[in-house]
Each structure stands twice: as structure tokens, then as C-alpha cells.
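The opening position of the sequence shown corresponds to residue 1 in our numbering, with each subsequent residue numbered one higher.
Where a beta carbon is used, it is the ideal one built from N, C-alpha and C, also for glycine.
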Amino acid sequence: MSRSTPPVQFDPLHRLWLLSTPNTAYALRLDAHDVPRHVYWGRPLTLAQAASVPEVRRPADSSFESPVGDGGELTTDGFGAQSLLLAFSDGTTQVDWRFLGHTVTDGELVVRLADRHYPLEADLHYRVHEDSDVIERWTTLRHNDPDGQDILMTRTDSASWTAPPRPSYRLSHTTGAWTTEFQLERLPLPIGETLLTSRRGVSSHQSHPWLMIDDGTADEEHGEVWSAALAWSGSWRISVDRNPAGRLTWTGGFGHDGLSWRLHPGETWQTPPFHGLFSAGGFGTASRAWHDHITRHVLPHPEELRPIVYNSWEATGWAVTEANQKGLAATAAALGAELFVMDDGWFGARDGDDAGLGDWTVNPTHFPDGLAPLIDEVQRLGMRFGLWVEPEMVNPDSDLYRAHPDWVLHQPHRTQTTMRNQLVLNFARPDVATWAHKWLDALVRDHAIDYLKWDMNRAFTEAGWPEAGPDASRLWIDHVRGVYTIIDRLREDHPHLRVQACAGGGGRADLGMLTRTDEVWISDNTDAADRITIQHGYSQVYPARTMAAWVTDSPNFLTRRALPLRFRFHVAMAGVLGIGGNLLEWTPADLAEATTLITHYKTIRPTIQHGTQHRLTTQAGHTAVQYTSPDSSQIVVIAWRQPVRTGHPAFPIRLHSLDPNALYRDEDTGTIHHGTILLNHGIAPDLPADYTSTLIQLQRIP
Ligand code: GLA
């Protein structure tokens with residue numbers, strides 16, 4: 001797109017809209033029945049070119065095929081996965097759109113539709129930015145008859161996306177479980193419907209709400225990739241529909257299958273954004289475009305370098321006391337930590353995971369003089385202070401639960417399953433949300449809290465809301481909206497407050513949380529060897545500046561694997577470095593090495609957190625990541641070796657995005673490298689043994 005190309009153009013003759021981003025184009029049109037249908041998504045086009053895109057051939061005409069076109073922008077007809085599932089009061093389920101008009105304001109197109117008979121309107125929103133290839137889409141539904149009947153809703157997706165016809169497709173996404181989040185899957189996509197979903201009330205450890213599609217030939221640096229990511233932190237559903245004629249459409253939005261609620265007369269219902277991105281430069285380019293978009297348009301404070309956090313969890317568990325936290329704080333500060341976070345155990349009767357959740361007053365046994373002496377000490381040591389909270393949860397053994405047993409998600413005559421000895425508070429209830437906001441606001445204000453680790457440690461079960469009757473399913477949506485509103489209000493009222501998103505690690509890592517938090521605790525697994533794979537998966541969409549990573553003890557508390565301190569640091573230094581070990585037991589040699597590595601990290605932090613990232617292709621057992629500073633003058637390469645067969649030395653690693661004619665100096669060895677050699681031949685990493693690592697820092701010679 002040239003600078004002068006308007007972001008949104010309309011061709012009235014063909015009733016076609018063309019959206020243009022710096023490197024891509026997206027076109028849709030109204031069909032003869034006023035239904036918006038997909039036309040094109042790929043490299044830039046002019047309006048005239050977009051109008052000439054031929055229709056995609058459909059399966060042979062027969063009475064068993066759809067009588068309407070495919071590729072709906074919000075699929076409400078045909079036989080594919082539907083974006084809207086609803087029933088009007090007389091039982092009618094079919095929507096019949098009439099085009100009302102469109103508006104274009106500052107890069108945002110709204111296509112306005114209304115049902116021809118029933119009181120339902122839909123606005124299809126598309127927003128493009130001049131500095132991003134991501135197209136933001138969402139839908140607003142409106143019940144436009146204040147005196148009408150309720151409309152029963154069972155599915156209200158944000159958008160449908162369609163890829164161009166290709167002989168085959170491949171699906172990339174991440175799967176996992178607690179402690180093994182973000183495992184990248186890249187598999188051929190079968191003909192039929194493939195469902196990606198979470199039914200757990202959080203976006204989940206098991207499946208993350210994004211996908212990438214290619215034709216099977218893309219790699220890290222080449223090939224066309226279509227991707228989409230949902231900005232939602234609760235249950236979700238993306239249904240990917242590939243038909244035998246080569247058409248691929250996916251529809252996605254919040255909520256999972258089986259939910260239903262009523263849209264009331266006069267009510268407006270807004271879906272979360274479902275962002276889409278086309279990239280012609282392979283998975284690496286797609287990831288960098290997502291990182292860039294999240295930086296420019298999603299994160300609250302992208303410009304800030306994230307501080308080096310010390311977190312107490314693996315060191316002291318629930319047994320936090322003023323004395324042990326002060327001891328950890330002193331050592332953490334000496335190492336160079338900038339923010340001290342006291343994790344679980346500081347409140348209520350919280351000596352383990354079986355009591356106290358919900359009682360957010362300082363535990364008088366652990367902190368007889370309150371938190372002030374610790375906070376004063378942390379500040380005296382030059383660090384900011386943060387606290388762990390888990391506002392959405394309650395232990396049955398708590399004063400809160402004893403006072404308000406009706407505040408939890410529950411269904412009459414059904415067992416209330418506890419997990420981690422806790423139940424979920426229903427944040428869809430205004431009284432519960434008000435209570436939570438009140439104590440959080442007071443906590444942050446009274447203790448001058450700089451940072452909250454907002455945790456959420458169990459999935460929803462028996463998720464009911466008896467008082468809501470037939471609208472009980474709304475809790476799946478409104479609980480999340482409640483969380484969003486509280487975090488947004490806290491941030492607005494306490495502008496210095498920073499927030500880490502956590503849900504037992506990476507159970508709620510998504511664009512919805514990233515819109516209102518500063519970083520994500522991506523896994524409770526801090527074993528550096530496992531973490532390499534987890535970080536690789538996280539980086540597919542989310543940027544390093546949001547990826548919190550701690551160095552913890554060896555052997556690891558979870559895996560019992562022993563790893564060198566340097567290796568553990570080098571893995572955590574690939575994101576937002578933090579420390580989470582029991583520093584009181586580290587040897588003087590460990591502390592000295594850690595101090596050196598933290599000091600080093602601070603010098604490369606702007607490049608890691610604010611630069612661009614390339615996942616470098618290496619061979620099995622060797623992994624490397626490159627970060628290039630925004631001005632391209634500093635290059636950081638971190639490489640790790642995991643167990644490999646003896647006799648197979650590491651290949652040279654070929655770098656990316658360098659000036660072939662420039663010279664680059666290795667800041668440690670002084671060696672001068674030619675850009676063209678680094679690009680075309682590569683640099684040999686020094687990885688003499690399993691679990692060794694190296695950090696190469698190159699400076700462009702002006
Ligand atoms: C979750 C978090 C951990 C820690 C514990 C505390 O598991 O992911 O980092 O905060 O809760 O109970």
C-alpha cells in the first residue's frame with residue numbers, strides 16, 4: 001500500500017470494500033441478498049483489481065449443497081460452521097440480512113445490517129492501522145425493538161475469516177497443560193471441521209486462542225501465512241471449516257458450545273475483537289508482525305522496559321514472614337532486582353492452599369506488624385513492591401465463604417467440585433465484582449502497591465448462577481468482563497500500577513489480558529530446558545517484552561533436573577528476566593555469577609524487550625534466538641544446547657536482518673564479523689557440552 005492509499009475504499013458498483021494495510025489487502029462484498037462475503041486476503045491490490053477477483057468455484061450444484069455462497073464474513077447461512085446461532089421468539093432461527101449502510105471513520109469500517117423481519121441489527125466492525133498489517137474485527141448485535149420479545153442466543157462469534165483456495169492447508173497452534181503450555185503443533189488440516197476451544201472459563205493451558213494457516217510449504221522465513229487471534233480470556237471457540245472444494249473458513253468468538261442466554265429488548269451485545277493477519281514472509285514474519293501490533297496497539301505501556309522481578313514463590317511458598325522476605329529482598333536487591341514481589345501466603349489463614357483465599361487482610365502471624373515494615377525495607381533497598389492476589393477465588397475454609405456461600409459458581413442439587421481446595425467466585429454478579437474492586441483498590445492505595453500478580457488457579461466446573469435463571473450462561477462472558485473492568489479501573493485510578501497476568505502459569509495468556517496487563521507468567525514450569533519449548537510456542541504470537549521468565553534453583557523444584565546457572569539465566573534472559581530461587585541458599589559463587597549476568601542483561605534489555613525477534617533455524621538439540629535493536633546497531637543471539645548425539649557439533653547459526661556490507665564487532669571477544677558472512681555462512685556458537693549456552697552480542701561498526 002502506498003502512503004496515499006486510503007485504508008478503506010468502497011466500490012459502489014460492485015458493493016465491495018477494500019481494506020489496505022502497509023503490506024496486505026482484504027476485500028469483502030455484499031452478495032445479491034445483502035450478505036457480506038469474503039473476496040480476497042493477501043498481497044496489496046487496487047480497488048479495480050479487487051473488483052476483478054473471480055468468485056471461487058463451489059462444489060457441483062446439487063440439492064445437497066448450500067443454496068447460497070460460502071465465505072460469509074459472519075456466517076449465518078449455508079452448511080458450514082455458523083458464527084451466529086439464535087432463535088427469535090417464534091422459533092425462527094434463520095437470519096435474513098438487509099444492508100442498512102456503512103460508515104468509515106479513521107480506518108474503521110462498519111457494515112450495518114438488519115434482519116428483514118425480526119428486531120436484530122448487526123454491525124460488522126473492521127479496523128486497520130497505517131502501521132500494522134493486523135485487521136481488527138468484531139461484531140455488535142442490537143435488539144432494536146424495546147417492546148419486542150427476547151432473542152435466544154447460543155453463539156455470537158466475533159468474525160469469520162476465509163483463506164484463499166489452496167490444494168492443501170496446514171494448521172499451526174499451541175496446545176499443552178499445566179507446566180507444559182505453548183507446545184507448537186503444525187499439522188495438515190483435514191477436510192471437515194476442526195474445533196479449537198476452551199470450556200474451562202479461562203483461555204486455558206490446553207489450547208490458546210489463535211491459529212496460523214499455510215498451504216503446507218511455509219517455513220520460518222518464507223511462505224504465505226494467514227493467522228488470527230482472539231482477544232478473549234474466558235471460554236472460547238474457533239471452528240475451522242475446510243470443505244472438499246478447497247474453501248477454508250474459520251469462525252470464532254467467546255463462549256463454548258452449549259451455552260445460551262437471551263438478548264433482551266433494546267440490549268446491545270458486543271463481541272471481543274478477533275484479529276487477523278496475512279503475512280507473505282513465513283511464520284517468523286507473521287510472529288514479528290503480531291509482536292509489533294501488540295506493542296503498538298494492545299499493551300498499556302509498551303514503551304517501558306520491564307523491571308527485573310524477584311518473586312518469593314519457589315523460595316518460601318506459603319511460609320512468607322517479614323524476616324524471610326526481608327532476607328530475600330536484601331539479596332535480590334544486591335543482585336540487581338528492581339521489583340520485589342511477595343507471592344501467596346501473606347493474607348488470611350493462608351498456610352497452604354486449603355484455607356484463607358478470599359480473606360484479603362494481612363495474616364497477623366506471618367506479619368505481626370502488617371506489611372509496612374517489609375514494604376519500607378523493599379523501598380529502602382531501591383526496589384518497587386508487588387503482591388500476589390487471586391481475587392476470583394475462595395477457599396470453602398474462609399470467612400468470605402462462610403459469609404457468602406452463594407457468591408460462588410454453583411448449580412442447585414449438584415456437587416461443588418473443589419480444585420486446589422477452592423471454588424470460583426462469580427464475578428458476573430455485580431455485588432461480587434464490587435466487593436473485589438473495593439478490597440483491591442484499598443490494598444493498592446493503603447500499601448502503595450506498585451505491581452499485582454493477578455492469579456487464577458482453577459477451571460470452572462458446575463458453573464451455574466441460579467439467580468440468573470435462563471441467562472445463567474452469561475456468567476461465562478460476564479465473569480471475564482468483570483475481571484477486565486476491575487483491572488481497568490484499578491489501572492485508571494492507580495496509574496503507576498503494573499499487572500502480571502497469571503493463571504497457574506499460562507492458563508490465561510491472550511490478547512484480552514495483554515490489553516490490560518504488562519506481562520504474563522507463561523508457565524509454572526521454571527525448568528530452563530522445558531522452558532525453551534514453552535517460550536518458542538509463546539513467541540509465535542506474543543512478544544518477548546511480555547514474557548516473564550525467572551531463574552530458579554537447581555535441581556528444579558518441579559522436574560528435579562539440575563542445570564547450570566548460566567544456562568538457566570540464558571533461557572530467562574530471552575524474555576523479561578526475573579529471579580525466583582531461594583537466594584538465601586545460593587553459594588557466593590552463584591550470587592557473583594548471577595550479579596554479572598543481571599548486569600549484562602540490563603545492557604541488552606532494550607534489544608531483547610524492544611527489538612525484533614528471529615527464531616533461528618538450527619539442528620535438533622540446538623536452539624537459538626536473535627534480537628535486533630530498533631536501530632539495528634545491536635544484535636543479541638542466545639543459543640542453547642540440549643542433549644545431542646556425541647560427534648555432532650553445532651552448525652553455524654545464520655543471522656537475519658543485518659546489513660551485508662557492514663561490520664559487526666563481537667563485544668566479548670572483539671572479533672570483527674562481516675555482515676554478509678553472518679547472513680550467508682553463519683556464526684559458530686560455542687556449545688561444548690549438553691546444557692551449555694552462549695550469548696553473543698554484536699555491535700554494528702558505524
Ligand atoms: C500459581 C502460580 C504460581 C504461584 C502459586 C501460588 O500456581 O502460577 O506462580 O503464584 O499459584 O499459590
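By the Cβ neighbour-count rule, residue 585 is exposed, with fewer than 16 other Cβ atoms within 10 Å of its own. Excluding the 5 residues flanking it on each side, residue 168 has same chain C-beta neighbours closer than 7 Å at 188, 215 and 216, in chain order. Of the residues 701, 689 and 650, the one whose Cα lies closest to the Cα of residue 667 is 701.
Residue ranges of uninterrupted beta strand (DSSP E) with 3 or more members, entirely inside the segment 50–97 and ordered along the chain, are 84–87. As the crow flies, the alpha-carbon of residue 158 is around 48 Å from that of residue 326. Taken from the Cβ of residue 506, every heavy atom of the ligand GLA lies 6 Å or farther away. Bridge partners of residue 519 according to DSSP: 500.
For residue 613, the enclosing beta strand (DSSP E) covers residues 612–616. The residues 163, 213 and 278, in chain order, have a CB closer than 6 Å to that of residue 226 in the same chain once the five nearest residues on each side in sequence are set aside. In this chain, the alpha helix (DSSP H) harbouring residue 492 covers 474–493. Under a 10 Å Cβ-count criterion, residue 242 is classified as buried, with 16 or more other Cβ atoms of the shown protein chains found around its own Cβ. Taking the Cα of residue 30 as reference, the smallest distance to any Cα among 615, 11 and 44 is reached at 11. Counted as a single uninterrupted DSSP element, the alpha helix (DSSP H) harbouring residue 379 occupies residues 372–380. Look at residue 456 here: in three-state DSSP terms it is coil, with no helix or strand label.
Note that the C-beta distance between residue 234 and residue 201 is below 7 Å. The straight-line gap separating the alpha-carbon atoms of residue 198 and residue 675 is approximately 46 Å. When Cβ pairs closer than 8 Å are counted between the two stretches, the segment 502–510 is seen not to touch the segment 463–476, the count staying below three. The shortest CA-to-CA distance from residue 670 to any of 697, 691, 486 and 374 is the one to 697. DSSP places residue 354 in no beta strand (DSSP E); its state is neither H nor E.
For residue 515 and residue 261, the gap between their C-alpha atoms comes out near 27 Å.
By the Cβ criterion, the segment 297–304 is not in contact with the segment 373–380, since fewer than three pairs of Cβ atoms, one from each stretch, lie closer than 8 Å. If you draw a straight line from the Cα of residue 131 to the Cα of residue 107, it comes to about 11 Å. No residue range can be given for residue 449, since it is assigned to no alpha helix (DSSP H) and is classified by DSSP as neither H nor E. Rounded to whole angstroms, the separation of the alpha carbons of residue 677 and residue 684 is 11 Å.
Classified as exposed, residue 64 has fewer than 16 neighbouring CB atoms from the shown chains inside 10 Å of its CB. Counted as a single uninterrupted DSSP element, the alpha helix (DSSP H) harbouring residue 677 occupies residues 675–680. Between residue 619 and the set 596, 652, 590 and 631, the nearest pair of CA atoms involves 652. Closest in C-alpha terms to residue 638, from the list 649, 692, 82 and 590, comes 692. A buried status is given to residue 525, since no fewer than 16 other beta-carbon atoms sit within 10 Å of its beta-carbon. Taking a cut-off of 8 Å for Cβ pairs, the segment 349–365 and the segment 324–341 do not touch, as fewer than three such pairs fall below it. 7 Å or more divides the Cβ of residue 687 from the Cβ of residue 660. Rounded to whole angstroms, the Cβ separation of residue 288 and residue 612 is 5 Å, and the two are in contact under 8 Å. Boundaries of the alpha helix (DSSP H) harbouring residue 402: 399–403, taken from the DSSP string. The continuous beta strand (DSSP E) containing residue 698 extends over residues 693–701. Taking C-beta atoms as the reference points, residue 218 and residue 541 fail to come closer than 7 Å. Shortest Cα-Cα distance from residue 271 to any of 306, 328 and 125 involves 125.
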